[in-house]
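Engineer: Here's a structure for you.
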Amino acid sequence: MQMPELDAGILARRDEVVAALRAIVPGEGVIASERAMKPYESDGLTAYRQLPMVVVLPDSTEQVARVLRYCHQQGIKVVPRGAGTSLSGGALPLGDGVLLGMAKFNRIREIDFNNRVAVVEPGVTNLAVSQAVEHAGFYYAPDPSSQIACTIGGNIAENSGGVHCLKYGMTTNNVLGCEMVLMTGEIVRLGGKHLDASGYDLMGIVTGSEGLLGVVTEITVRILKKPETARAVLIGFASSEDAGTCVGHIIGAGIIPGGMEMMDRLAIDAAEQFVHAGYPLEVEALLIVELDGPQAEVDDLIGRVEAIARQCRAVTVKASGSEQERLLFWAGRKAAFPAVGRISADYYCMDGTIPRAQLPRVLARMRELSASYGLRVANVFHAGDGNLHPLILYDANQPGELERAEAFGAEILKLCVEVGGVLTGEHGVGVEKRDLMETMFTQTDLDQQQRLKCAFDDKGLLNPGKVFPTLHRCAELGRVHVHGGHARFNDLPRF
Numbered sequence: 001m002q003m004p005e006l007d008a009g010i011l012a013r014r015d016e017v018v019a020a021l022r023a024i025v026p027g028e029g030v031i032a033s034e035r036a037m038k039p040y041e042s043d044g045l046t047a048y049r050q051l052p053m054v055v056v057l058p059d060s061t062e063q064v065a066r067v068l069r070y071c072h073q074q075g076i077k078v079v080p081r082g083a084g085t086s087l088s089g090g091a092l093p094l095g096d097g098v099l100l101g102m103a104k105f106n107r108i109r110e111i112d113f114n115n116r117v118a119v120v121e122p123g124v125t126n127l128a129v130s131q132a133v134e135h136a137g138f139y140y141a142p143d144p145s146s147q148i149a150c151t152i153g154g155n156i157a158e159n160s161g162g163v164h165c166l167k168y169g170m171t172t173n174n175v176l177g178c179e180m181v182l183m184t185g186e187i188v189r190l191g192g193k194h195l196d197a198s199g200y201d202l203m204g205i206v207t208g209s210e211g212l213l214g215v216v217t218e219i220t221v222r223i224l225k226k227p228e229t230a231r232a233v234l235i236g237f238a239s240s241e242d243a244g245t246c247v248g249h250i251i252g253a254g255i256i257p258g259g260m261e262m263m264d265r266l267a268i269d270a271a272e273q274f275v276h277a278g279y280p281l282e283v284e285a286l287l288i289v290e291l292d293g294p295q296a297e298v299d300d301l302i303g304r305v306e307a308i309a310r311q312c313r314a315v316t317v318k319a320s321g322s323e324q325e326r327l328l329f330w331a332g333r334k335a336a337f338p339a340v341g342r343i344s345a346d347y348y349c350m351d352g353t354i355p356r357a358q359l360p361r362v363l364a365r366m367r368e369l370s371a372s373y374g375l376r377v378a379n380v381f382h383a384g385d386g387n388l389h390p391l392i393l394y395d396a397n398q399p400g401e402l403e404r405a406e407a408f409g410a411e412i413l414k415l416c417v418e419v420g421g422v423l424t425g426e427h428g429v430g431v432e433k434r435d436l437m438e439t440m441f442t443q444t445d446l447d448q449q450q451r452l453k454c455a456f457d458d459k460g461l462l463n464p465g466k467v468f469p470t471l472h473r474c475a476e477l478g479r480v481h482v483h484g485g486h487a488r489f490n491d492l493p494r495f
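1 is the number of the first residue of the sequence shown in the numbering used here; add one for each residue after it.
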């Protein structure tokens with residue numbers, strides 16, 4: 001993979017650009033020294049690093065608009081960044097571009113319980129929304145494992161989900177409106193507090209657009225009333241295939257759990273050592289199935305799920321007996337990523353989605369690939385909607401291991417597409433999956449997607465080099481059947 005060629009003209013005018021940006025965002029809002037910019041050189045995909053030309057930290061919509069307007073006029077690239085927790089390199093800076101950090105947009109502007117919405121800025125963390133409304137018995141449904149750190153703005157960029165997305169949906173199902181600044185500096189509003197907006201579903205386009213269309217400065221999210229009762233069941237299996245089969249049978253029975261997660265033995269052992277959640281250590285796979293709603297309904301569903309699990313050869317079944325125990329079950333799952341970090345020098349976190357019926361086949365094939373590449377893999381994923389998060393364990397200090405991990409990961413993603421799935425569920429494409437897009441889309445498909453980007457960003461200045469494996473000029477895309485002159489990416493700066 002390769003990022004777009006650096007613009008020597010812009011770099012030659014760096015001092016002028018920095019001065020102009022400081023006039024827009026005064027005080028400490030512009031960071032230009034190499035040492036001070038170091039924390040921004042990477043996001044959660046730490047294998048790739050690049051210092052930006054300059055970092056700008058605006059604290060108002062007007063400042064964002066002025067920065068983007070200036071960069072549009074001067075032809076300067078801009079990479080938006082939230083908390084930097086992206087695992088696909090979506091916030092990887094450009095050496096000749098501005099990194100636009102949105103961390104100062106961290107206020108909750110309004111809580112409207114009557115309309116069951118909260119209006120927040122993009123730098124508000126996911127968990128903070130639920131904490132702000134819990135006193136009234138409400139919460140924000142999407143809950144990615146990184147919710148203590150990841151921000152609502154980043155959630156919109158990647159269409160994040162979480163352990164309860166099976167029943168309550170992804171970010172796109174829980175966001176009603178936003179304020180967004182276009183690359184030209186124009187401020188637009190999409191949607192609002194109402195449940196359904198007229199006209200084109202522009203919120204559906206913006207959610208998951210990975211910072212390619214505009215910079216979101218305000219978001220209206222749905223808040224939900226907490227269910228009367230919630231209980232979780234831990235179900236252990238002697239094989240991952242049996243666990244995958246059980247997932248299909250539960251959904252096939254018409255039961256939609258609040259959450260349904262799966263972990264394999266490596267992930268179970270790591271999480272239990274880290275959190276002491278009470279996970280069984282003698283099993284090869286573990287399902288966490290949560291049922292919520294009125295108590296009578298939950299009790300009935302718990303019994304039905306336990307019966308289905310035993311029909312699928314479950315070896316252990318344990319239902320939570322208290323709210324504290326339910327939260328402990330989930331604490332182990334949500335700490336799985338850092339827990340795996342304790343047993344491996346490095347790991348590569350994948351993100352692909354498959355039809356639920358293909359779980360046994362895909363898990364079996366991943367074991368074969370693990371043996372072939374000589375690298376262990378810990379599986380932690382949203383079993384209910386087929387969103388896989390294999391963690392490939394490697395040591396970056398060992399020559400060739402990172403490259404093997406990347407090749408292994410590419411094989412997993414190709415497998416996802418082969419069985420009828422997609423390249424990503426919630427982490428986005430970024431630079432990580434960019435060169436695999438042609439395994440899923442034709443050139444005509446990709447050209448049409450890029451035409452949509454051009455409608456929002458006519459000069460292609462917002463987050464270029466992400467998502468698309470070929471770099472087009474918008475004028476080229478305006479002509480039918482013109483596919484020449486594309487710049488193909490090959491290599492990225494590595495750490």
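Glycine included, every Cβ here is placed at the ideal spot set by N, Cα and C. As the structure is a computational prediction, the values presented were derived from the model and not from experiment.
DSSP three-state label for G384, please.
Structural biologist: For the purposes of this step, residue 384 is taken as residue 384 along the sequence shown, with counting starting at 1. In this structure, G384 counts as helix in the three-state DSSP scheme.
Engineer: Go to D112, then tell me how far its beta strand (DSSP E) extends in each direction, as first and last residue.
Structural biologist: Against the sequence shown, residue 112 aligns to sequence position 112. In this chain, the beta strand (DSSP E) harbouring D112 covers I108 to D112.
Engineer: Tell me the rounded alpha-carbon separation between M350 and K414.
Structural biologist: Counting from 1 along the sequence shown, the entry for residue 350 is found at position 350. Counting from 1 along the sequence shown, the entry for residue 414 is found at position 414. Roughly 12 Å separates the two Cα atoms.
Engineer: Please classify G97 as buried or exposed, where buried requires at least 16 other C-beta atoms within 10 Å of its C-beta.
Structural biologist: Counted from its first residue, the sequence shown places residue 97 at position 97. Buried, because 16 or more other Cβ atoms sit within 10 Å of the Cβ of G97.
Engineer: Out of A455, R116 and G430, which one is the CA nearest neighbour of F468?
Structural biologist: Counting from 1 along the sequence shown, the entry for residue 468 is found at position 468. Nearest option by C-alpha distance: G430.
Engineer: Tell me C178's beta-bridge partners as DSSP assigns them.
Structural biologist: Taking the sequence shown and counting its residues from 1, one reaches residue 178 at position 178. Answer is L190 and I219, bridged to C178.
Engineer: Does the segment 105 to 113 come close enough to the segment 67 to 75 that 3 or more CB-CB pairs lie under 8 Å?
Structural biologist: no
Engineer: In whole angstroms, what separates the C-alpha of I412 from that of M366?
Structural biologist: Translated into positions along the sequence shown, residue 412 becomes position 412. Translated into positions along the sequence shown, residue 366 becomes position 366. Taking the straight line from one Cα to the other gives about 7 Å.
Engineer: On the DSSP bridge list, what partners appear for K225?
Structural biologist: Walking along the sequence shown from the start, residue 225 turns up at place 225. Paired residue(s): F138.
Engineer: Residues in the same chain with beta-carbon distance under 7 Å from Q433, minus the five sequence neighbours each way, listed in chain order, please.
Structural biologist: As a first step, residue 433 is located in the sequence shown; it is residue number 433 there, counting from the start. Here residue 433 is Lys; the residue named in the question, Gln, does not match the sequence. Taken in chain order, the residues that qualify are S88, L413, L423 and T424.
Engineer: Is the segment 78 to 88 touching the segment 138 to 150, taking contact as three or more C-beta pairs under 8 Å?
Structural biologist: yes
Engineer: Please report the Cβ distance between E41 and Q50, rounded to the nearest whole angstrom; I am assuming they are in contact, meaning their Cβ atoms lie under 8 Å.
Structural biologist: As a position in the sequence shown, residue 41 is number 41, starting the count at 1. As a position in the sequence shown, residue 50 is number 50, starting the count at 1. A Cβ-Cβ separation of about 6 Å places E41 in contact with Q50 under the 8 Å criterion.
Engineer: Here's the rule: buried if 16 or more other CB atoms are within 10 angstroms of the residue's CB, otherwise exposed. What is T172?
Structural biologist: For the purposes of this step, residue 172 is identified with residue 172 of the sequence shown, where counting begins at 1. Buried: at least 16 other Cβ atoms inside 10 Å.
Engineer: Just to confirm, are D292 and P227 a CB contact at a threshold of 9 Å?
Structural biologist: Sequence index remark: in the sequence shown, residue 292 carries index 292 (1-based). Sequence index remark: in the sequence shown, residue 227 carries index 227 (1-based). With respect to P227, D292 sits close: the two C-beta atoms are nearer than 9 Å.
Engineer: Let me confirm a value: R107 is counted as buried when at least 16 other C-beta atoms fall within 10 Å, else exposed. Which label applies?
Structural biologist: Here the question's residue 107 lines up with position 107 in the sequence shown. Its Cβ having fewer than 16 others within 10 Å, R107 is exposed.
Engineer: Round the Cβ separation of R81 and I24 to the nearest angstrom and send it over; I've been treating them as touching at under 8 Å.
Structural biologist: The residue labelled residue 81 in the question sits at position 81 within the sequence shown. The residue labelled residue 24 in the question sits at position 24 within the sequence shown. Actually they are not in contact, since the Cβ atoms of R81 and I24 sit about 17 Å apart, beyond 8 Å.
Engineer: Per DSSP, what are the beta-bridge partners of V233 in this structure?
Structural biologist: Walking along the sequence shown from the start, residue 233 turns up at place 233. DSSP, once it has assigned bridges, lists V289 and A319 as partnering V233.
Engineer: So what's C349 in DSSP terms, helix, strand or just coil?
Structural biologist: Reading the sequence shown from its first residue, position 349 is the one you call residue 349. Three-state result, C349: strand.
Engineer: Leaving out the 5 sequence neighbours to the left and right, which residues in its chain are closer than 6 Å to V119 when beta-carbon positions are compared?
Structural biologist: By one-based count along the sequence shown, residue 119 stands at place 119. Closer than 6 Å at Cβ, skipping near neighbours: R109, E110 and T220.
Engineer: Quick check on the burial criterion: 16 or more other C-beta atoms within 10 angstroms. Buried or exposed for S130?
Structural biologist: The sequence position of residue 130 within the sequence shown is 130, counting from 1. Buried is the call here.
Engineer: Going by the beta-carbon positions, is the gap between L57 and G29 smaller than 9 Å?
Structural biologist: As a working note, residue 57 is residue 57 in the sequence shown. As a working note, residue 29 is residue 29 in the sequence shown. Contact flag set, yes.
Engineer: Since Y373 is in the alpha helix (DSSP H), which residue starts that stretch and which ends it?
Structural biologist: Taking the first residue of the sequence shown as position 1, residue 373 is located at position 373. First-last of the alpha helix (DSSP H) with Y373: L359 to Y373.
Engineer: Go to D300, then tell me how far its alpha helix (DSSP H) extends in each direction, as first and last residue.
Structural biologist: Mapped onto the sequence shown, residue 300 falls at position 300. Here the alpha helix (DSSP H) through D300 covers Q295 to Q311.
Engineer: Do you know offhand how far F237's Cα is from E272's?
Structural biologist: If you number the sequence shown from 1, residue 237 lands on position 237. If you number the sequence shown from 1, residue 272 lands on position 272. If I take the Cα positions, the gap works out to 16 Å.
Engineer: CA-CA distance, T334 and S145?
Structural biologist: Residue mapping note: residue 334 aligns to position 334 of the sequence shown, counting from 1. Residue mapping note: residue 145 aligns to position 145 of the sequence shown, counting from 1. It should be noted that the sequence gives Lys, not Thr, for residue 334. Rounded to the nearest angstrom, the two C-alpha atoms are 5 Å apart.
Engineer: Considering Cα atoms alone, identify which of C454, M440, I255 and V233 is closest to M262.
Structural biologist: The count along the sequence shown starts at 1 and reaches residue 262 at position 262. The candidate whose alpha carbon is nearest that of M262 is V233.
Engineer: When burial is assigned at 16 or more other CB atoms within 10 Å of the CB, is K77 buried or exposed?
Structural biologist: Here residue 77 refers to the residue found at position 77 of the sequence shown. Result: buried.
Engineer: Would you mind working out which of L266, D299 and H276 sits nearest E284, comparing C-alpha positions?
Structural biologist: Here residue 284 corresponds to residue number 284 of the sequence shown, with the count starting at 1. Out of L266, D299 and H276, L266 has the C-alpha closest to the C-alpha of E284.
Engineer: Rounded to whole angstroms, what is the Cα-Cα separation between A296 and L286?
Structural biologist: Against the sequence shown, residue 296 aligns to sequence position 296. Against the sequence shown, residue 286 aligns to sequence position 286. Roughly 26 Å between the two C-alpha positions.
Engineer: How is R81 classed by DSSP in three states: helix, strand or coil?
Structural biologist: Within the sequence shown, the letter at position 81 stands for residue 81. Note: R81 maps to strand in three-state DSSP.
Engineer: Please return the same chain residues whose Cβ sits closer than 7 Å to the Cβ of T439, not counting the five positions on each side in sequence.
Structural biologist: The residue given as residue 439 occupies position 439 in the sequence shown. Result list for T439: K414 and V417, in chain order.
Engineer: Taking the continuous alpha helix (DSSP H) assigned at E403, which residues delimit it?
Structural biologist: Your numbering for residue 403 matches position 403 in the sequence shown. Note, E403: alpha helix (DSSP H), E401 to E418.
Engineer: Could you spell out the range, first to last residue, of the beta strand (DSSP E) harbouring D264?
Structural biologist: Working through the sequence shown from its first residue, we reach residue 264 at position 264. Where D264 is concerned, the enclosing beta strand (DSSP E) stretches over G259 to D264.
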